[in-house]
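Down below is the structure, laid out as structure tokens.
Residue numbers (the working numbering), protein chains in the order written: chain A, 1 to 534; chain B, 535 to 894; chain C, 895 to 1201.
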């Protein structure tokens, strides 16, 4: 018995001993030339620029590939040449000839030439992955693209549109991820069964950007190495490591403890909790991402004009923006985000339950009805949905919330099976047409048309005059007229459409105070690592 | 993860009954195990496969993304073979697995088998350390309780054991991180290893402790061990509770036997009676229990792995499930299921070797 | 019965050495069991916890000011105080209210799971054990497949198919919980299938179904009940885990696991949001475990618990 006690004590001592010497792990901070970023990277499924369409992937390829046209971190509002140094537009506005910058090299050491540019754009069209519509909307397809996008000489490429669009829109579109220039020689070395190297490029890199991909392990880590031969000179950080940390609270701890230099997905409340910490600096970066609510127009009740109107007056915009969204979302009510060319800053709606109730009564639903609200699982969507739910209850509308992962939610939305949905939207490239095409344009509302990429189609909302306006705006060559067209279009959608745009995002990044010059622009793929110093 | 432990409890107890039912001959046992593994394998794949095909999450959208046009969507659907009849899809899948091809994961873009080889060692490492904790603390606690049956120390140990059964481990993990990482700073936070050590040690076994030790990277070895302490303790909470409880009950059985009385009458010291006589018999029974505990921890403790950002098999299967990455889910499930059955078989064989009575 | 026990005679009637009727004998057995149960302080503590839980659930409208879903954004994340005993959550809802209303959800889950699982487990187990042969082999193989499945993953997968929600979570938990009950009932059945009274019934020409329902099942009940009580805690933990992963009760329902899940992001600055529901789960599942442990000592003395 004595012996038993002793052995328990021994075992306990063993366990404690196992834990104790580990007290105080060396918190010397992260290595000097390396930036460690805690971020949720679970959306990352491919790094092939012809396919990337997710937030994390978009950010990574923006640092690995230079594009035909680009925004540079030094001036986020001016579109300039990336891989190309200049361009000339033909008189009919259909053809643009780009001149490739001399002296650029890919990570492999190969020089960047006009042939790489033409190959990269054709590759997007031929592979026909999800973001390819950004290019194919200009009338290109497998059959004609070789004739319309071609090299003039070693350093000149000519690009001709086969559809009626403003050349300004084309230049903007070439600043999207699909405008990334890949290393033709390197990529074709790994091509298999005519896949243009797609299988290989998914998790390798062959670009001319500031960083090359070292490793990507899904849901673990993305590691980038500096490209010594970059056209702006080698970046200060030799290595950028994105560590997958899904928990915002864990991200905060890591940056507070110095285990990470930067935390990317903190909630407003966590930022507030860190305010007193002198080692931490919080940067604010307005983004173009919007949170909106969409009603299904095919729903017998939600399809009524007055009911759609009523919903706009139910949202507690201010209450949410001042509490759990404070610092990261501001009120915005038009489909093109504020702070960009063509944005509409008017916010005509505020919470007015009496008005909403009156509108419902006018529509013949004064006694209320029942609906389902679908939204995403991660914060702040459940909170927003619950706030809307509580407000709806006050005007007699009973609602049930269903939280899902995107992979479950999107099929439902695309099949038009939703009733009320709270979701996010971020433009594909910085041109109002990107959002107008999604929110306003629905040329064929039939179920079998399956225009599933367009939000207007998903919500069964079709308005011929608004369709015509969207098309006109995309073609308009005069910038002043074009901007006015987008303003009008936004006002119309704001009043009649099935969308209640509510908030616009502002990213808050917490970093150690020695980390400087991180640049994050309006769009999801305007994030730059090359300027960072430590 | 606490549902894992709760489930583990039921699994273990039920499975305990299977393996304790003595089987007539070893040959029969082996045939029976082979049969049961085969059936389990077919059952597991069939059920998972059907689930994967009827769930509302869409594997095509998981690849092409929310904004894909219908054309892109349909092309991918054809490429994945999802237009074929369900039964044909299943048979194609089954014949592929039999050739060792589990398909490619959507999420990681790598072959599922490669993924499993990468993720499973993390779980193995965690489960092994947790089981060791559980054994070294649980057995003495159980013996102590049995020897002092009905006294205060027995009740205290019993309450500790019940606590291990009752606490939501994911919650306990959060609280532990808050105290030991955020508050006291004694232990490192989530993850297997500090980020800046990542990729230094060449992954041979995939078990960082082993790899770093073999390659003489002691700094990394200690770092990895630090990272293991909290998650392993959380898992050990359950293992400890279960092992202590079973040890106590087995010991009580033995202590009431006549030979113990005889030994005492012969004047053997109490320590000798307990450890050399009673415990030796208990040890045989405990092998099954420890094996089952280990097997259930190997099933992957989804929530512990979530809380501690541990890149193990449980997390792999769960995130794959949420992402409609069905090749990964089926592959992972099959491997885990086989593992579970395998450890059972192993402990059964061990039991036969150690227990003299089963040789007749 | 003419000898209705009077209040004073009750104890005597219950403890009489010569019971006059079957009913009296049964009551006596129950009473003796109760005596031994109530002498066990740990088991009584468990019982007390469960009684409080049931009381809380029943009296929720009286104990709280609302239904636990009233938001007050201006009043969010308040620490525990006199006005809000357990503080408020991320939408300014009173956590005490939510805990009290959450007791209903917890009871609903365990109750429903029990109602589904026990009959299925009993049916499969007794039929397999009593009929034997191929039926036994097939039923037990199916049971084994469910046992070998990684259980949380099975539950997750079922919810993924059925869609998130309280009822679906219950179904998923039931699907992953029934198999041990089948095993237990089968084991019990095997030990009693050749007992005399069952052979007698068979000789009298009772049908198999009748024998299983009337003679075998009642004898399996006590071990099933013990097992069920011990499993209650497990069920609560699984439900909480599903809620934690966002697959259980949907907002705004105050399910404790879901409350921990949302509270997780406030852990560092507002500890109470996640800690209090965690404690609630701990206490309740501890209660069921204590009760089950006590019940086992009483009903199933073979397992060698404390005297």
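Where is the CB? At the ideal position from N, CA and C, for every residue including glycine.
Setting aside the 5 residues that flank it on each side, residue 405 of chain A is surrounded in the same chain by 376 and 377, each with a C-beta closer than 8 Å to its C-beta; the list follows chain order. DSSP lists no beta-bridge partner residue for residue 74 of chain A.
Here the alpha carbon of residue 420 of chain A sits roughly 32 Å from the alpha carbon of residue 862 of chain B. For residue 1110 of chain C, no alpha helix (DSSP H) segment is defined, and its DSSP state is neither H nor E. Residues of the stretch 583 to 597 of chain B with a Cβ closer than 7 Å to any Cβ of chain C, in chain order: 585, 588, 589, 590 and 591. For residue 512 of chain A, the uninterrupted beta strand (DSSP E) run begins and ends at 499 to 512, by DSSP.
For residue 156 of chain A, the uninterrupted beta strand (DSSP E) segment begins and ends at 156 to 160.
Bridge partners of residue 1009 of chain C according to DSSP: none are assigned. Contact of residue 402 of chain A with chain C by beta-carbon distance below 9 Å involves 1057, 1058, 1059 and 1144. Within chain B, no residue has its CB atom less than 9 Å from the CB of residue 206 of chain A, the nearest being about 16 Å off.
In the structure shown, the three-state DSSP call for residue 622 of chain B is helix. Around the C-beta of residue 632 of chain B, fewer than 16 other C-beta atoms lie within 10 Å, and the residue is accordingly described as exposed.
Sequence-distant Cβ neighbours of residue 183 of chain A in its own chain, meaning closer than 6 Å and more than five residues away, are 106, 108, 110 and 206. The C-beta of residue 626 of chain B has fewer than 16 other C-beta atoms within 10 Å across all chains shown, which makes the residue exposed. Counting along the chain, residue 765 of chain B sits inside the alpha helix (DSSP H) bounded by residues 752 to 789.
About 5 Å separates the Cβ atoms of residue 1190 of chain C and residue 1120 of chain C, confirming a contact at the 8 Å cut-off. Measuring C-alpha to C-alpha distances from residue 565 of chain B to each of B/888, B/886, B/887 and B/879 identifies B/879 as the nearest. Between the alpha carbons of residue 967 of chain C and residue 908 of chain C lies a distance of about 60 Å. Beta-carbon to beta-carbon, residue 700 of chain B and residue 854 of chain B are separated by about 30 Å, too far to satisfy the 8 Å threshold. Less than 8 Å separates the beta-carbon of residue 653 of chain B from that of residue 847 of chain B. Taking the beta carbon of residue 573 of chain B as reference, the chain C residues within 8 Å of it are 1035, 1038 and 1039, listed in sequence order. Residue 394 of chain A is outside the set of residues whose beta carbon lies under 8 Å from a beta carbon in chain B.
With a threshold of 8 Å between beta carbons, residue 1190 of chain C makes no contact with chain A. Within chain A, no C-beta atom comes nearer than 7 Å to that of residue 988 of chain C; the closest sits roughly 14 Å away. Scanning the stretch 311 to 367 of chain A for uninterrupted alpha helix (DSSP H) segments of 4 residues or longer gives 317 to 322 and 353 to 362, listed from N- to C-terminal end.
By alpha-carbon distance to residue 511 of chain A, the top candidate from A/282, A/50, A/288 and A/185 is A/282. By the 16-neighbour rule on beta-carbons within 10 angstroms, residue 676 of chain B is buried. Judged by DSSP in its simplified three-state form, residue 99 of chain A adopts strand. By the rule that beta-carbons nearer than 8 Å mark a contact, residue 246 of chain A touches chain B. Under DSSP, residue 423 of chain A shares a beta bridge with A/292.
Within 10 angstroms of the beta-carbon of residue 920 of chain C lie fewer than 16 other beta-carbons, which makes it exposed. Chain order gives the chain A residues near residue 716 of chain B as 253, where near means a beta carbon separation below 7 Å. With 16 or more other Cβ atoms from the protein chains shown falling within 10 Å of its own Cβ, residue 251 of chain A counts as buried. DSSP, read as helix, strand or coil, puts residue 217 of chain A in strand.
Annotated three-state conformation of residue 745 of chain B is helix, per DSSP. The CB of residue 250 of chain A comes closer than 7 Å to the CB of 723, 724 and 843 in chain B, given here in chain order.
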